[in-house]
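Accompanying notes for the structure given below.
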Amino acid sequence: MSSTKMVTYFRVSTDRQGRSGLGLDAQRQAVTTYLGNGQWEVVGEFVEVESGRNNDRPRLADALAICRKKKATLVIAKLDRLSRNLAFTANLMEAGVDFVATDMPHANKTMLQMMAVFAEHEREMISKRTKEALAAAKQRGVKLGSPNPRKGSTIGNAVKSARADQFATNIHPIIGEIQSAGITTLRGIAAALDARGICAPRGGYWKPTSVRRVMLQKSLS
132 MSSTKMVTYF RVSTDRQGRS GLGLDAQRQA VTTYLGNGQW EVVGEFVEVE SGRNNDRPRL
192 ADALAICRKK KATLVIAKLD RLSRNLAFTA NLMEAGVDFV ATDMPHANKT MLQMMAVFAE
252 HEREMISKRT KEALAAAKQR GVKLGSPNPR KGSTIGNAVK SARADQFATN IHPIIGEIQS
312 AGITTLRGIA AALDARGICA PRGGYWKPTS VRRVMLQKSL S
């Protein structure tokens, strides 16, 4: 980090989450732990309550404005909270503000752009597969929106299955490349995926078990 002045930015997904502090305390703790006892001056804190698909983030705009004005660095707890949307990431890049993520402190702008492209592609493919799964369920006679728990469960399972399958499809060639480079252990593949800035299926870091599940799903083991 080139600046000793910091602006912290936190994001929660719902109004209820924002009011209750659910998820916010963990983010604050991550930032506090990262900064430690260093000579950092926190010149602003901003909490955004919005959806991950929403590019209109007024609190982030305020945070970036303060960063530019005070020549401060933007500090966030998790990089994936700012990398889900390609258009948003492009706006962040154009802002010309230094940033650091406590979970990936050495990540650079190029890595952030790559993560955004991957996330955008994954979201588009999941949306497509979800629509296909719902259409297939409808053809089988499942009434969409039915209050019947069993039918609702059928639709839910179809959607989850489509999402998991698409995620495995996206990861398949990447794991193949890693294996071709001589990294064949589950732990090694997990570390390689983390190094590329690719989040695990449920977010966060990869574990050997999560790698194995994806590999088995696509018969890569």
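Numbering (my numbering), first residue to last: 132 to 352. Ideal Cβ positions, reconstructed from N, Cα and C, are used throughout, including at glycine.
Buried versus exposed, by CB contacts within 10 Å (16 or more), L347: It is exposed - the Cβ of L347 has fewer than 16 other Cβ atoms within 10 Å.
Between the C-alpha atoms of T233 and V162, what's the straight-line distance to the nearest angstrom? 6 Å
Starting from M346, trace the alpha helix (DSSP H) both ways and give me its first and last residue. P339 to Q348
I329, DSSP secondary structure in three states: coil
Which partner residues does A232 have in the DSSP bridge list? I207 and M235
Within the continuous alpha helix (DSSP H) that includes K201, where are the two ends? P189 to K201
Residue range of the unbroken alpha helix (DSSP H) whose run includes R159: L155 to L166
In whole angstroms, what separates the C-alpha of E176 from that of M224? 20 Å
Taking all protein chains shown into account, do 16 or more other C-beta atoms lie within 10 angstroms of the C-beta of M255, making it buried, or fewer, making it exposed? The sequence shown places Glu at residue 255, not Met. It is exposed - the Cβ of E255 has fewer than 16 other Cβ atoms within 10 Å.
Please list the terminal residues of the continuous beta strand (DSSP E) segment that includes Y336. Careful: Y336 lies outside any beta strand (DSSP E) and carries neither H nor E.
Alpha-carbon spacing of K200 relative to G227, whole angstroms: 12 Å
Considering only C-alpha positions, which residue in the set K262, T135, V143 and N239 is nearest to V112? This structure leaves residue 112 out entirely; the chain is present only between 132 and 352.
For the candidate residues Q297, A323 and P332, whose alpha-carbon lies nearest to that of I309? A323
Once DSSP output is grouped into helix, strand and coil, what is the label at T135? coil
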